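Numbering (our numbering), first residue to last: 393 to 497. Glycine is no exception: its CB is placed at the ideal position from the N, C-alpha and C atoms. Since the structure is predicted, the reported quantities are computational estimates derived from the model, not experimental observations. This report concerns only the one structure given below.
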């Protein structure tokens, strides 16, 4: 079950504004709605930390690190077709980032 599907089910099963009578103002109702929505998003879509190290090249971005992580995951799971896909994607994206870094420098 994906987090996106779980969030969709949560949204559909939720009775929105059932406590509208107990709220005195639109601001209180909006605040209640925002708090509920934020707590669900925080619970179902937790933050993921991607570390940037001092030894990283200047063109290394979190998106590029994520691609490298996906490539390694595909390799270790034995999915060679997916590994080849990510290998090509990492090479291409890294080349683009390097060229952009050196042309802007």
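Give the single residue among 478, 452, 476, 422 whose Cα lies nearest to the Cα of residue 492. Of all alpha-carbon atoms in 478, 452, 476, 422, the one lying nearest the alpha-carbon of residue 492 is that of 452.
If you measure between the beta carbons of residue 424 and residue 411, is that distance less than 8 Å? In contact: residue 424 and residue 411 (Cβ atoms closer than 8 Å).
Is the beta carbon of residue 398 sitting closer than 8 Å to the one on residue 456? No, the Cβ-Cβ distance between residue 398 and residue 456 is not below 8 Å.
So for residue 438, helix, strand or coil by DSSP? The answer is coil: DSSP assigns residue 438 none of H, G, I, E or B.
Report yes if the CB atom of residue 441 is closer than 8 Å to the CB atom of residue 463, and no otherwise. Their beta carbons are not under 8 Å apart, which means residue 441 does not touch residue 463 by this criterion.
So the candidates are 400, 478, 429, 460; which of them puts its Cα closest to the Cα of residue 409? Between residue 409 and the set 400, 478, 429, 460, the nearest pair of CA atoms involves 429.
What do you reckon, are the CB atoms on residue 466 and residue 474 nearer than 8 Å? Annotated as proximal: residue 466 and residue 474, with beta-carbon spacing under 8 Å.
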